[in-house]
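Colleague: I have a structure I would like to understand better, so I am pasting it below and will then ask my questions one at a time.
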Amino acid sequence: MRGGAAAGGRRVAVVTAGPALVTADMGPGLGERLRRNRLGIVALALLVAVVAALVLGTRAGDVDPLSTENSTPTGARAVAQILRGHGVEVRQVDRLARAAVQDPAATTLVIANPSQLTAGQATALREYPGDLVLLGESGGALAALGLPLTEEPVYLPETVRSGCTDPDAVAAGTARVDLVGLVATDATEVCFIGRSGAGAFARVTDGTRTVTVIASSGIVTNAQLADAGDAALAVRTLGRHAQAVWYVADGLDPTLPTWSGSGSGDVPGRVPSSVDALPDFMPPGTGSALYALALAALVAAFWRARRFGALVREPLPVVVRASEATRGRARLYRRARAAGRAGASLRAAAALRMGRRLGVGRADGRDALVGAVARASGRPAVDVDRLLYGPPPADDAALLTLISELDTLESEVHRP
Amino acid sequence: MHITGWTVALAALGAVPAALTQSRGVAVLWLLGVAALAAVDAWLAPRTSSVGVRREAPASVRLSQAATTRLVVANVGRRRVRGAVRDAWQPSAGATGERHAFALAAGESASFRTMLRPTRRGDRAAGPVTVRTFGPLRLAGRQRSLEVPARLRVLPEFASRRHLPSRLQRLREIDGRTAVRLKGAGSEFDSLREYVVGDDVRAVDWRGTARRGEVVVRTYRPERDRRVVIALDCARLSAARVGDAPRLDASIEAALLLAALTTHAGDRVQATAFDRAEQARAAAGGGAGVVAALASALAPVEPSLLEPDWPALVRLVESRVSQRALVVLLTTVDTSAMDSGLIEAVAALQRRHQVLVGSVEDPELGTLLDGRGDVDALYGAGAAARALLEREAVATRLRQLGAEVVLALPDDLAPAVCDRYLALKSAGRL
Numbered sequence: 000m001r002g003g004a005a006a007g008g009r010r011v012a013v014v015t016a017g018p019a020l021v022t023a024d025m026g027p028g029l030g031e032r033l034r035r036n037r038l039g040i041v042a043l044a045l046l047v048a049v050v051a052a053l054v055l056g057t058r059a060g061d062v063d064p065l066s067t068e069n070s071t072p073t074g075a076r077a078v079a080q081i082l083r084g085h086g087v088e089v090r091q092v093d094r095l096a097r098a099a100v101q102d103p104a105a106t107t108l109v110i111a112n113p114s115q116l117t118a119g120q121a122t123a124l125r126e127y128p129g130d131l132v133l134l135g136e137s138g139g140a141l142a143a144l145g146l147p148l149t150e151e152p153v154y155l156p157e158t159v160r161s162g163c164t165d166p167d168a169v170a171a172g173t174a175r176v177d178l179v180g181l182v183a184t185d186a187t188e189v190c191f192i193g194r195s196g197a198g199a200f201a202r203v204t205d206g207t208r209t210v211t212v213i214a215s216s217g218i219v220t221n222a223q224l225a226d227a228g229d230a231a232l233a234v235r236t237l238g239r240h241a242q243a244v245w246y247v248a249d250g251l252d253p254t255l256p257t258w259s260g261s262g263s264g265d266v267p268g269r270v271p272s273s274v275d276a277l278p279d280f281m282p283p284g285t286g287s288a289l290y291a292l293a294l295a296a297l298v299a300a301f302w303r304a305r306r307f308g309a310l311v312r313e314p315l316p317v318v319v320r321a322s323e324a325t326r327g328r329a330r331l332y333r334r335a336r337a338a339g340r341a342g343a344s345l346r347a348a349a350a351l352r353m354g355r356r357l358g359v360g361r362a363d364g365r366d367a368l369v370g371a372v373a374r375a376s377g378r379p380a381v382d383v384d385r386l387l388y389g390p391p392p393a394d395d396a397a398l399l400t401l402i403s404e405l406d407t408l409e410s411e412v413h414r415p
Numbered sequence: 000m001h002i003t004g005w006t007v008a009l010a011a012l013g014a015v016p017a018a019l020t021q022s023r024g025v026a027v028l029w030l031l032g033v034a035a036l037a038a039v040d041a042w043l044a045p046r047t048s049s050v051g052v053r054r055e056a057p058a059s060v061r062l063s064q065a066a067t068t069r070l071v072v073a074n075v076g077r078r079r080v081r082g083a084v085r086d087a088w089q090p091s092a093g094a095t096g097e098r099h100a101f102a103l104a105a106g107e108s109a110s111f112r113t114m115l116r117p118t119r120r121g122d123r124a125a126g127p128v129t130v131r132t133f134g135p136l137r138l139a140g141r142q143r144s145l146e147v148p149a150r151l152r153v154l155p156e157f158a159s160r161r162h163l164p165s166r167l168q169r170l171r172e173i174d175g176r177t178a179v180r181l182k183g184a185g186s187e188f189d190s191l192r193e194y195v196v197g198d199d200v201r202a203v204d205w206r207g208t209a210r211r212g213e214v215v216v217r218t219y220r221p222e223r224d225r226r227v228v229i230a231l232d233c234a235r236l237s238a239a240r241v242g243d244a245p246r247l248d249a250s251i252e253a254a255l256l257l258a259a260l261t262t263h264a265g266d267r268v269q270a271t272a273f274d275r276a277e278q279a280r281a282a283a284g285g286g287a288g289v290v291a292a293l294a295s296a297l298a299p300v301e302p303s304l305l306e307p308d309w310p311a312l313v314r315l316v317e318s319r320v321s322q323r324a325l326v327v328l329l330t331t332v333d334t335s336a337m338d339s340g341l342i343e344a345v346a347a348l349q350r351r352h353q354v355l356v357g358s359v360e361d362p363e364l365g366t367l368l369d370g371r372g373d374v375d376a377l378y379g380a381g382a383a384a385r386a387l388l389e390r391e392a393v394a395t396r397l398r399q400l401g402a403e404v405v406l407a408l409p410d411d412l413a414p415a416v417c418d419r420y421l422a423l424k425s426a427g428r429l
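Protein chains in written order, with numbering that gives the first Met the number 0: chain A, 0 to 415; chain B, 0 to 429.
Structural data, given as structure tokens:
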């Protein structure tokens, strides 16, 4: 298309030669158009504003249980805000690999819903050197982490006294046991033991780190934080260090936790990035590049969608075959198995052709035609009469036979 | 407003910074930047009102031949304009190379040719001319469609003209102007000449013989200056397709060939296309322009889905010719003619004129009639035979009225009608 002007066009200097040129009218300018459609533009702007407000206002919030962004009764936003008020830096991560704990000794790693941890994650957490807090039902994670505890269901929730020597539990005084409770398999101390014998809280110290389990996760939720000694217990447990990394397990994230010194490099003091933790075979930035290309595809759609002028209407002619009526009649014959009628038509047509060839008119009658055909073909007149004027064929087989005989007779007829 | 492929390429280039920064935000920002750039470019593009166009289409072209239409594009503004035009035509006009790019300084103009190879007879209308101008960056521009009316009349192909030389030869034989047959055959008295051995004794003019004292014979020549009225039925039945074209197209071919032949024979021909009213009319005072005038008049005739009004046609013919004429009805002879009024019309016309009924036969009917493959084919053959008999009955009825009936396949109709005309002429029945 480009450069076609030089190839196909012939220049002439003057424009005025020949009949008048057709030009587009100037049309109103931008300002005029804006002024003319003022009402429409205002209405459009209002519509956009209303829609934007609705979309932003009804944006679905975080509803994950025990998430620090969740302000519903099942969330843990309240406790996170209290911790922040006490100077604890609470950071929630959506992938365990993004934990990137700089100093495990000064950081509390909070795992909510530990029952959703993958086996690999639970095993990796066993290696984690810092303090760990498990919130909620743990399931197989207790055994995987090597804790001497098992879980029991709690059917009747109750508020109980601490009943143990743990300073945090003692400070809290009372707490609520609900849904899940803990039972120790050795001498480990379990606090807030209800009538069922299962407790809400346990702390296990192995080596340099302590693993705290708050099995009755209701203690830290927005709904129950203000009840009994829940707030004290939660804040003391989660706020032991200046940093808290909060992770809500959802079972969909297979990545392993990262902390200073973890990973293959084992460089002391270096925190592996999420790329190290989740190696990707695509070069970095591929996703962003593909995103940009997708946007370019959108632009290409606009490019192709704008037609170079409208389609031109074509008044289409009637497309009906002249033989439609005959074919329709043939289908009717077939459906009705009208062998007699079809045979009669074919006989009459054959008689017409033979009569024309032999010079016998239709007005001359049956005997004249039979006689002429018999003479021309050398067949007995009775035979010819049976073929041309015999009883109509009763079925398809009779029709086939009759027509094949008729064709033979016609081929035998020669002009005398 | 329109954007070019460069805008898309530029948008795709955004993948590089997005990959380097590993950020989707950068990709979105890049896209917004490209969009803004394109918007500015479109705003800077010359106005479409600074481009003037003019179409110069040929008046007519024969079907199956190519024509070129010219499009003059002029810059009537004050700025240099770079852009493209699309010379849109109906799809059946068969336009190729309808897009042209141009770059014109102020006051310049250029002309472009668009090839047209029409695929259908009739008037082919041009669509709008769409003008695009590009901005300085060639990223985007303005677009506007202009209504520039133009029309190309596609004349009938007149493929049957290849039969004309042989029919003219026959005409000359009848006329007695060739060396092959010195003696003319016809009904109009020409002259007296001396008897030579071999002359028909019935042609001896006894009165002249008595006067001259030697045997003289009369010579004849065919009548001249006879009237021929060709009436094309463009109603319901003419719309049906026979082969690839409607029946009407075969009728038009026959009308054109007959008009060419009658003009050479010295007869006066006029044609009319009608359904319930007259759709087209061509009358010629004689001369070479008859066929062209007829082709041009019949070109835009399209079959209508109406029942023909035969009594109206009879009145029309009676009002057009005052003396005896050959009325050629190019229509369809089938069983519907029994009650459509065709037979009554032929009877009415035959009282004063000679009627010739030409009808296009369907080759598919012959294929159906010969079907012997299985029982289904036999039923098809039965149905075709029934149609054949019904048509034959109508044709017989018409022949009984004294009319001539020609039933022929689409390609054979034109020569068959002409042969029948020549036969009538040599027999002096015009």
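Glycine included, each C-beta is placed from N, C-alpha and C at the ideal position.
Pull up the distance between the alpha-carbon of L341 of chain B and that of L388 of chain B, whole angstroms please.
Modeller: Approximately 18 Å between the Cα atoms of the pair.
Colleague: With 8 Å set as the bound, which would you pick, yes or no: does the beta-carbon of E404 of chain A sit closer than that to a beta-carbon of chain B?
Modeller: Answer no: the Cβ-Cβ gap between E404 of chain A and chain B never drops below 8 Å.
Colleague: Cβ of G30 of chain A less than 8 Å from any chain B Cβ?
Modeller: So, not an interface residue.
Colleague: Going by CA-CA distance only, name the one from B:E172, B:A298, B:Q142 and B:D308 that's closest to S250 of chain B.
Modeller: Of the listed residues, the one whose Cα sits closest to S250 of chain B is B:A298.
Colleague: Roughly how many angstroms separate the alpha carbons of A109 of chain B and G242 of chain B, rounded to a whole number?
Modeller: About 44 Å.
Colleague: Going by DSSP, name the residue or residues bridged to P245 of chain B.
Modeller: According to DSSP, P245 of chain B bridges with B:R240.
Colleague: Looking only at its own chain, which residues have a Cβ that is under 8 Å from the Cβ of Q89 of chain B, when we skip the five neighbours before and after it?
Modeller: Around Q89 of chain B: R123, A124, A125 and G126.
Colleague: Taking 8 Å as the cut-off, decide whether the C-beta atoms of L257 of chain B and V75 of chain B are in contact.
Modeller: No, the pair does not count as a contact, with Cβ atoms beyond the cut-off.
Colleague: Give the residues of chain A in contact with L367 of chain B, contact being defined as C-beta atoms less than 8 Å apart.
Modeller: Per Cβ cutoff of 8 Å: S322, T325, R326 and A329.
Colleague: Using the rule of at least 16 other Cβ atoms within 10 Å of the residue's Cβ for burial, across every protein chain shown, is T20 of chain B buried or exposed?
Modeller: T20 of chain B is exposed by the Cβ-count criterion.
Colleague: Note down, in chain order, every chain B residue with its Cβ under 9 Å from the Cβ of A367 of chain A.
Modeller: Chain B residues near A367 of chain A: none, gap ~17 Å exceeds 9 Å.
Colleague: Excluding the 5 residues flanking Q115 of chain A on each side, which residues of the same chain have their C-beta closer than 7 Å to its C-beta?
Modeller: Correct list, in chain order: A248, D249 and G250.
Colleague: For G284 of chain A, count neighbouring C-beta atoms within 10 Å of its own C-beta (all shown protein chains included) and say buried if the count is 16 or more, exposed if not.
Modeller: Answer is buried; the Cβ neighbour count reaches 16.
Colleague: Please give the ranges of any alpha helix (DSSP H) in the stretch 278 to 349 of chain A, keeping only runs that are unbroken, at least 4 residues long and fully inside the region.
Modeller: For the stretch 278 to 349 of chain A, whole alpha helix (DSSP H) runs of length 4 or above, ordered along the chain, are 285 to 304 and 323 to 335.
Colleague: Using a Cβ-Cβ cutoff of less than 8 Å, which residues in the same chain neighbour H263 of chain B once the five nearest sequence positions on both sides are dropped?
Modeller: For H263 of chain B, where only same-chain residues beyond five positions count, the Cβ hits under 8 Å are L167 and L170.
Colleague: Verify whether the separation of the beta carbon atoms of T400 of chain A and L364 of chain B is less than 8 Å.
Modeller: The answer is no: Cβ separation not under 8 Å.
Colleague: Please classify L348 of chain B: does DSSP put it in a helix, a strand, or coil?
Modeller: In this structure, L348 of chain B counts as helix in the three-state DSSP scheme.
Colleague: Tell me the start and end of each unbroken alpha helix (DSSP H) in the stretch 347 to 388 of chain A that is at least 4 residues and wholly inside, in chain order.
Modeller: Here the runs fully enclosed are 365 to 376 and 380 to 388.
Colleague: Quick check: the stretch 224 to 232 of chain A against the stretch 174 to 187 of chain A, are there 3 or more CB pairs under 8 Å?
Modeller: Contact holds: three or more Cβ-Cβ distances are below 8 Å.
Colleague: Cβ atoms of L163 of chain B and V227 of chain B: under 8 Å apart, would you say?
Modeller: Contact: no.
Colleague: So which residues of chain A does T47 of chain B contact, with C-beta pairs closer than 7 Å?
Modeller: Neighbours of T47 of chain B on chain A, chain order: A23.
Colleague: Please state if the CB of L345 of chain A and the CB of A394 of chain B are separated by a distance shorter than 8 Å.
Modeller: The answer is no: Cβ separation not under 8 Å.
Colleague: Spell out whether any CB of chain B is found under 8 Å from the CB atom of L357 of chain A.
Modeller: No - not a single Cβ of chain B is within 8 Å of the one on L357 of chain A.
Colleague: Could you please give the first and the last residue of the uninterrupted beta strand (DSSP E) stretch that includes S110 of chain B?
Modeller: Residues S108 to L115.
Colleague: Using only the alpha-carbon positions, how far apart do D61 of chain A and G308 of chain A sit?
Modeller: Those two C-alpha atoms are separated by around 49 Å.
Colleague: If you drop the 5 nearest sequence neighbours on each side, which residues of the same chain put their C-beta closer than 8 Å to that of R46 of chain B?
Modeller: Only G76, T132 and R141 meet the Cβ criterion.
Colleague: Please classify G126 of chain B: does DSSP put it in a helix, a strand, or coil?
Modeller: The answer is strand: DSSP assigns G126 of chain B an E or B state.
Colleague: Is the beta carbon of A243 of chain A less than 8 Å from the beta carbon of V41 of chain A?
Modeller: Against a cut-off of 8 Å, the Cβ pair of V41 of chain A and A243 of chain A comes out as no contact.
Colleague: My parser needs the alpha helix (DSSP H) runs of 4 or more residues fully inside the stretch 82 to 127 of chain A; what are they?
Modeller: Taking only runs of at least 4 residues, the alpha helix (DSSP H) segments lying wholly in the stretch 82 to 127 of chain A are 118 to 126.
Colleague: Thinking F111 of chain B and L70 of chain B are a contact (beta carbons under 8 Å), I'd like their distance in whole angstroms, please.
Modeller: About 5 Å; that satisfies the 8 Å criterion.
Colleague: With DSSP collapsed to three states, give me the class of Y194 of chain B.
Modeller: In the structure shown, Y194 of chain B sits in coil (DSSP, three-state: anything other than H, G, I, E or B).
Colleague: Note down, in chain order, each residue of its chain lying with its Cβ closer than 8 Å to the Cβ of G421 of chain A, except the 5 sequence neighbours on either side.
Modeller: Nothing can be reported for residue 421 of chain A: it is not among the residues displayed for chain A, which extend from 0 to 415.
Colleague: Taking the beta carbon of Y388 of chain A as the centre, do at least 16 other beta carbons fall within 10 Å, making it buried, or is it exposed?
Modeller: The residue is exposed, with fewer than 16 neighbouring Cβ atoms inside 10 Å.
Colleague: Taking the CB atoms as reference points, tell me whether P302 of chain B and A238 of chain B lie closer together than 8 Å.
Modeller: Their beta carbons are under 8 Å apart, which means P302 of chain B touches A238 of chain B by this criterion.
Colleague: Taking beta-carbon pairs under 8 Å, can you tell me which members of the stretch 68 to 92 of chain B lie near chain A?
Modeller: Flagged, chain order: V71, V72, A73, N74, V75, A83, R85, A87, W88, Q89, P90 and S91.
Colleague: Could you give the distance in angstroms between the alpha-carbon of L146 of chain A and the alpha-carbon of Y127 of chain A?
Modeller: Going from the Cα of L146 of chain A to the Cα of Y127 of chain A covers about 14 Å.
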